[in-house]
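Colleague: Residue numbers (UniProt numbering): 1 to 543. The structure under discussion is supplied below as structure tokens; questions concerning it will follow.
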């Protein structure tokens, strides 16, 4: 009977049974306010997950994926990427964090928390019977006011390679909420130096391709270093080759470095032993010729994208030409950029002017493990750098990579636009004050929405103080009152118990474009969610 409820059983002419399903056109759908409520709930759920990882005392999330791979992270975009979300609105939140990450690189947690807060406020307004579009319009107005206000309270400072202190302070703010915060001073310095080495000050641009972040398990986080050059996770092809080369001239090959072998289409008829020996001899001679060709250009190191067999390896050793094999594509490009060499795709094209040059190429080994890496330093083009991270386990290194990525992005944004606002919730409180002041002057129904926006902005400082174990409401009101009284937009939540609320003295700095982006992105997503009033999914039947 259960079967027949789903459909009818019929037989075709061969007597094979098949089902005819009925009710195929039934869909689940949510309409009107119900739909909005369910969206808001989903978005709030996502936001509340991230709320606890906001700020310097924010906690980390441990994500375990289907294969049991563990990721420990504090980065909003990463958390959302790894969260398995099936609700369509939660997916929007994931996209939101992702776009913040792509554009600014930092502030991914904040943007989701803000969107969640805006929706929470919207829910209360909907309960009072205000039309969702009016709410969205009010939010737009408020966001405009807030962004204008950010411009007013922003400070700017010169990005000056000689005086890196302000840059380091900004990077420290970003790294403060991450795992690496016990040595965030050093990490910040590394990030700043890396960006300033690579930065193109005239065009105000930073090419991230030139900064490679490489990690290796072992050592302590404090052993992390900035290498002015390239690190490749390979070693010389033969253990007896010299471990260190001074003044290396490097031939960079992407062609197979081996005697020409007949390709699949051809057959070689080897009928006698002599033929075979002749073939062997030909291969050997040909290869020696290739080695000689490399040495004639003056190269004393070959870096090859492909492998070569052991016979070739010995020949290289006899001819004293150190070589590295199986170097991946991106690394080859980096080496070429760093050493000023050209990549040689065909063997016959190798000439002396295509060689790269490096002061030192050396092999470094770690502890007692067999792992070795190649360090290519003192290159011609000093603008390629590698950040080399050490850490106790894979998770820490991965997280350090993500944190450094955030820090690098922040410094890049400062190079692009050197205006800043103060962190620790100071900017949000200041904006909230400005917005609620504007709300009183707003004649229409949107007044409610504008005020709600101001309340939502205060969620970020509240979350900061909550995560720092203070009484959120009390702390919040104190700081707000002081901001009004002293008219100082740099007063924020004292998360680290430094004893002062002035973020200028604490050097808690965030980039202006990052904050603006947060507010406008969150508002856009909220507007989009508020405009949806009907969801239809192909669905479960409603029995």
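For glycine and all other residues, C-beta sits at the position ideal for the given N, C-alpha and C.
1. Are the segment 201 to 215 and the segment 408 to 420 touching by the rule of at least three beta carbon pairs closer than 8 Å?
2. Suppose contacts are defined by Cβ-Cβ distances below 8 Å. Is residue 469 in contact with residue 423 by that definition?
3. So, with DSSP's three-state summary, where would you put residue 212?
4. In whole angstroms, what is the alpha-carbon distance linking residue 199 and residue 322?
5. Please classify residue 574: does DSSP put it in a helix, a strand, or coil?
6. Sort 534, 524, 535 and 141 by Cα distance to residue 119 and report the nearest one.
7. Can you tell me whether DSSP reads residue 354 as helix, strand or coil?
8. Taking only three categories from DSSP, how would you classify residue 542?
9. Helix, strand or coil, according to DSSP, for residue 200 in the structure here?
10. Mind the definition here: the segment 442 to 457 touches the segment 124 to 131 only if three or more C-beta pairs lie below 8 Å; say whether that holds.
11. Check this for me: beta carbons of residue 591 and residue 197, under 8 Å apart or not?
12. In terms of alpha-carbon separation, which member of 202, 472, 466 and 433 lies closest to residue 455?
13. What would DSSP say about residue 272, mapped onto helix, strand or coil?
14. Between the C-alpha atoms of residue 73 and residue 20, what's the straight-line distance to the nearest angstrom?
15. Find the nearest neighbour of residue 502 within the set 519, 483, 513 and 517, judged by alpha-carbon distance.
16. Please list, in chain order, all residues of the same chain as residue 395 whose beta carbon is under 7 Å from its beta carbon, the five residues on each side excluded.
17. Just the C-alpha distance for residue 239 and residue 257, rounded to the nearest angstrom, thanks.
18. Would you check if there are 3 or more beta carbon pairs closer than 8 Å linking the segment 210 to 230 to the segment 247 to 256?
19. Would you mind stating whether residue 89 and residue 42 have Cβ atoms separated by less than 8 Å?
20. Does the Cβ of residue 139 have 16 or more other Cβ atoms within 10 Å, making it buried, or fewer, making it exposed?
21. Along the chain, where does the alpha helix (DSSP H) containing residue 127 start, and where does it finish?
22. Hey, how far is the Cα of residue 35 from the Cα of residue 132?
23. Run through the segment 482 to 524 for me and flag every whole alpha helix (DSSP H) of 4 or more residues, listed as ranges in chain order.
24. Put residue 480 into one of helix, strand or coil per three-state DSSP.
25. How big is the Cα-Cα spacing for residue 533 and residue 92?
26. What is the DSSP secondary structure of residue 151, reduced to helix, strand or coil?
27. By the DSSP assignment, the alpha helix (DSSP H) with residue 337 in it spans what residues?
28. Going along the chain, which unbroken runs of the beta strand (DSSP E) with 3 or more residues stay wholly within the segment 392 to 421?
29. Pick from 313, 355, 466 and 108: whose alpha carbon is nearest that of residue 379?
30. Per DSSP, which one or two residues make a beta bridge with residue 304?
31. Do the CB positions of residue 374 and residue 235 come within less than 8 Å of each other?
32. Can you give, in chain order, each stretch of the beta strand (DSSP E) that sits fully within the segment 18 to 97 and has at least 3 residues?
33. By a C-beta neighbour count over all protein chains shown, 10 Å radius and 16 as the cutoff for buried, is residue 96 buried or exposed?
34. Taking buried to mean at least 16 other C-beta atoms within 10 Å of its own C-beta, is residue 467 buried or exposed?
35. For residue 453 and residue 141, I'd like the C-alpha separation in whole angstroms.
Modeller: Let me lay it out:
1. Between the segment 201 to 215 and the segment 408 to 420, the count of C-beta pairs closer than 8 Å reaches three or more; the two stretches touch.
2. Not closer than 8 Å, so no.
3. Residue 212 falls in the strand class under three-state DSSP.
4. Residue 199 and residue 322: Cα-Cα distance of roughly 34 Å.
5. Because residue 574 is not part of the residues shown, which for the chain are 1 to 543, the question remains open.
6. Comparing Cα-Cα distances from residue 119 to each of 534, 524, 535 and 141, the minimum goes to 524.
7. Correct three-state label for residue 354: helix.
8. At residue 542, the pLDDT of 47 sits below 50, so the modelled position is not reliable and the matter cannot be decided from this model.
9. Reduced to three states, the DSSP call for residue 200 is strand.
10. Verdict: yes, contact present.
11. No answer is possible for residue 591: it lies beyond the span of the chain, which begins at 1 and ends at 543.
12. Ranking 202, 472, 466 and 433 by Cα distance to residue 455 puts 433 first.
13. Residue 272: coil per DSSP, three-state reduction.
14. Each residue's alpha carbon lies about 50 Å from the other.
15. Taking residue 502 as reference, the option from 519, 483, 513 and 517 with the minimal CA-CA separation is 483.
16. Closer than 7 Å at Cβ, skipping near neighbours: 70, 71 and 72.
17. About 19 Å.
18. Segment contact: the segment 210 to 230 against the segment 247 to 256, fewer than three CB-CB distances shorter than 8 Å; contact not assigned.
19. Yes, Cβ-Cβ distance for residue 89 and residue 42 is below 8 Å.
20. By the neighbour-count rule (16 or more Cβ atoms within 10 Å), residue 139 is buried.
21. Per DSSP, residue 127 is one residue of the alpha helix (DSSP H) stretching across 108 to 127.
22. Spanning the two alpha carbons is a distance of roughly 12 Å.
23. For the alpha helix (DSSP H) assignment, the uninterrupted runs of no fewer than 4 residues enclosed by the segment 482 to 524 are, from N- to C-terminal side, 503 to 506.
24. Here residue 480 carries a helix assignment [DSSP, helix/strand/coil].
25. As the crow flies, the alpha-carbon of residue 533 is around 15 Å from that of residue 92.
26. Assignment of residue 151 by DSSP, reduced to helix, strand and coil, places it in the helix class.
27. 329 to 339 is the extent of the alpha helix (DSSP H) around residue 337.
28. Listed in chain order, there is nothing to give.
29. Per the C-alpha coordinates, the member of 313, 355, 466 and 108 positioned closest to residue 379 is 355.
30. In DSSP, residue 304 forms a bridge with 253.
31. A contact, by the Cβ cut-off of 8 Å.
32. Correct list: 27 to 31, 61 to 64 and 70 to 73.
33. So residue 96 ends up on the buried side.
34. The C-beta of residue 467 has 16 or more other C-beta atoms within 10 Å across all chains shown, which makes the residue buried.
35. Residue 453 and residue 141 have their C-alpha atoms roughly 10 Å apart.
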